[in-house]
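Structure record follows, encoded as structure tokens.
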Amino acid sequence: MEPDAVSGSGRIIKGMAGHGWFDFLTRFRSDTEEPVQGLVLSGGGSRVSFQLGALEYLYGHDLIAPTRIVGTSGGSIVAAMLAQSADPAKQAEALAELDRYWMAMTSADEMFAEQAWFTRLRSQAGDLMGLLGSGEPGAAHPSADTEEEPVDSETRIRQAMADDPSRDVSWSTSQVWTLLSSLPRIGRTGVSLASSVRGASLTQSMYRPGPIVERLLYESSFDSASVRTSGVELRIAMVGLNSGELHYMRQDGRLVDRNDVPLPGVEQTYDIELGIWASCAIPGVFKPVALGNEQYVDGGVRENVPVEMAVTGLGVTRPYVVVASPLGVRADDYADRDIISTLVRANFITSDEAEADEVEWARSAGAVVIDPVVNVHDSMTVVPELLRMNRDYGYMRAAEEVLGCAEAGAANRMARARLAAWRLLDEQAGGDAHDDSGEPGTPEELAAACARVRTLVAACDQALLPPGADTWGYEAG
Numbered sequence: 095m096e097p098d099a100v101s102g103s104g105r106i107i108k109g110m111a112g113h114g115w116f117d118f119l120t121r122f123r124s125d126t127e128e129p130v131q132g133l134v135l136s137g138g139g140s141r142v143s144f145q146l147g148a149l150e151y152l153y154g155h156d157l158i159a160p161t162r163i164v165g166t167s168g169g170s171i172v173a174a175m176l177a178q179s180a181d182p183a184k185q186a187e188a189l190a191e192l193d194r195y196w197m198a199m200t201s202a203d204e205m206f207a208e209q210a211w212f213t214r215l216r217s218q219a220g221d222l223m224g225l226l227g228s229g230e231p232g233a234a235h236p237s238a239d240t241e242e243e244p245v246d247s248e249t250r251i252r253q254a255m256a257d258d259p260s261r262d263v264s265w266s267t268s269q270v271w272t273l274l275s276s277l278p279r280i281g282r283t284g285v286s287l288a289s290s291v292r293g294a295s296l297t298q299s300m301y302r303p304g305p306i307v308e309r310l311l312y313e314s315s316f317d318s319a320s321v322r323t324s325g326v327e328l329r330i331a332m333v334g335l336n337s338g339e340l341h342y343m344r345q346d347g348r349l350v351d352r353n354d355v356p357l358p359g360v361e362q363t364y365d366i367e368l369g370i371w372a373s374c375a376i377p378g379v380f381k382p383v384a385l386g387n388e389q390y391v392d393g394g395v396r397e398n399v400p401v402e403m404a405v406t407g408l409g410v411t412r413p414y415v416v417v418a419s420p421l422g423v424r425a426d427d428y429a430d431r432d433i434i435s436t437l438v439r440a441n442f443i444t445s446d447e448a449e450a451d452e453v454e455w456a457r458s459a460g461a462v463v464i465d466p467v468v469n470v471h472d473s474m475t476v477v478p479e480l481l482r483m484n485r486d487y488g489y490m491r492a493a494e495e496v497l498g499c500a501e502a503g504a505a506n507r508m509a510r511a512r513l514a515a516w517r518l519l520d521e522q523a524g525g526d527a528h529d530d531s532g533e534p535g536t537p538e539e540l541a542a543a544c545a546r547v548r549t550l551v552a553a554c555d556q557a558l559l560p561p562g563a564d565t566w567g568y569e570a571g
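Residue numbering for the sequence shown follows our numbering, beginning at 95 and increasing consecutively.
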């Protein structure tokens, strides 16, 4: 068994699968070989906003020109956009275009469009609470005998965005009667519950991809043919539900294992758009994506920071790693929580531990790791002000890591101060961004919070601040 390693902080780090902990370090630091620069982008949903800011700083200061790019989930979108060219100037142009599309989003349904069954279920949550133990009808499944005509990737993705088989779920009189007989406590609500249960079975997800997918892949200048021929080595992470294995799609559409070896017996190549879709298929949120005989879901299920592929698979000796989500689990009281909350919490703790190991592994490899500490917004939040704030935060964290002044914590203080001011401003405008007390702030507190932001901007090293920082703290005016 691979022995565990101990980091400089004393933290136990589990050995990465298939590789000794320090077996690559002599390869990594070589004075005789030309350095190979690479970029690793984690998953994070809408928190890609942080990565956009970090990359804006890196490209804006001519610090990166990656020839090897690896991405997971939301990071795979950024990775594919950049991989259209090996020219850093063109990569910067692609980044700027992606930024325009991302920052133009105004609501979460532009990324996560609810399936109809989930909308119905949420609307009747009050009627259905307390009925979890009452049994469920046998959900109907589509016939496995139906042979589908092969379709191209664009058609598949567009169908996934538009198709919602739970929208018109109907039940015969006998089916409804059977349901009501097995669920006597919920009366007429049983019909709606049955519709939702059947819809969940048909769709296999709570959401379908929102219109941002169509805009990026089919309305922007994105060209998958350029990805294949640019000369950039691209790897997009995904996990097979059938096999349980971590796989990657290369820039040429070929699937490889975690050691970058082509999958045995899989000669087919796929469009890169399908790889992005599979890598972003968060289990339960989006439907798994079929590629060959495998059903694929979000690569973050196994490796949310795929630095191992970059270093040991692609030979990157100078990696930049941009992590979209802050590490750590916020303390909370789970004494009286329901079973679903407990399971979700446990899964989050497991994922956080794995990601912490991956980040520590990257740092031990000498990577420049740019990661957030402050949680500006979560992975399914799309609020324009928060997206911009998180992008600015990513810019500042990148500057701190490059300039070696991260220990001073200026970016974290700024993010916390701006977030506090925004919450108060949102409350004043009638929003619901209350603090933990649940009490709305006063106008005096808002004025003080904005003044705090202006003070921090004035005192900050100007080399850390992104364009537009001189407007921060004046939002309330």
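Positions of the beta carbon are idealized from the N, C-alpha and C atoms, including for glycine. Just so we're clear, the structure is a prediction, and the values are computed from it rather than from any experiment.
Fill in: Per-residue burial, Arg344 [other beta carbons within 10 Å of its own, 16 or more giving buried]
buried
Practice prompt. Mind checking who Asp392 pairs with in its DSSP beta bridge?
Written response: Met332
Item to complete: Report back the beta-carbon spacing between Ser167 and Gly393 to the nearest angstrom; my notes put them in contact at under 8 Å.
Response: 6 Å
Practice prompt. Look up Glu327 in the DSSP assignment and give the residues it is bridged to.
Written response: Arg162
Item to complete: Would you identify the three-state DSSP class for Gly369, choosing helix, strand or coil?
Response: helix
Item to complete: Whole angstroms is fine: what's the gap from Ile376's alpha carbon to Val391's?
Response: For Ile376 and Val391, the distance between alpha carbons rounds to 6 Å.
Practice prompt. Note down the Cα distance separating Arg252 from Ala553, rounded to an integer number of angstroms.
Written response: Looking at the backbone, the Cα of Arg252 and that of Ala553 are separated by about 49 Å.
Worksheet entry | For Ser473 and Phe380, the rounded distance between their alpha carbons | Cα to Cα, the separation comes out at about 14 Å.
Worksheet entry | Cβ-based neighbour list, Ala504, same chain, cut-off 8 Å, excluding 5 preceding and 5 following | Met490, Glu494, Leu550, Cys554, Asp555 and Leu558
Discussion item. Determine whether the beta carbon atoms of Gln131 and Ile158 lie at a separation below 8 Å.
Written reply: yes
Practice prompt. Note down the Cα distance separating Val416 from Leu149, rounded to an integer number of angstroms.
Written response: 8 Å
Worksheet entry | Arg162 vs Ala404 beta-carbon contact at 8 Å | yes
Worksheet item: Going by DSSP, what residues sit across from Met343 in a beta bridge?
Response: Residue pairing by DSSP puts Met343 in a beta bridge opposite Ile330 and Leu349.
Worksheet item: Between the beta-carbon of Ser572 and the beta-carbon of Asn398, is there less than 8 Å?
Response: Given that the chain is displayed from residue 95 to residue 571, the structure contains no residue 572 and the question cannot be resolved.
Worksheet entry | Per DSSP, the bridge partner or partners of Leu385 | DSSP lists Glu388 as partners of Leu385.
Worksheet item: When DSSP labels each residue in this structure, what does Leu152 get in the three-state scheme?
Response: Here Leu152 sits in helix by DSSP.
Worksheet item: Using CA coordinates, which residue listed in Pro356, Glu313 and Pro413 is at the minimum distance from Leu152?
Response: When each option's Cα is compared against that of Leu152, the closest is Pro413.
Discussion item. Just verifying my parser: in three-state terms, what is the DSSP assignment at Tyr414?
Written reply: strand
Worksheet entry | Extent of the continuous beta strand (DSSP E) run through Ile464 | Val462 to Ile464
Worksheet item: Among the residues of its own chain, which have a CB less than 7 Å from the CB of Val453, if the five just before and after it don't count?
Response: Val399, Val417, Leu421, Val463 and Asp465
Item to complete: Give a yes or no on contact between the segment 518 to 525 and the segment 535 to 551, applying the rule of three or more CB pairs nearer than 8 Å.
Response: yes
Worksheet item: Can Glu204 and Ile330 be called in contact, C-beta distance under 8 Å?
Response: no
Discussion item. Quick check: the Cα distance between Met508 and Glu447, rounded to an integer number of angstroms?
Written reply: 27 Å
Worksheet item: If you compare alpha carbons, which of Met175, His155 and Gly567 is closest to Ile42?
Response: Residue 42 is absent from the model: the chain starts at 95 and stops at 571.
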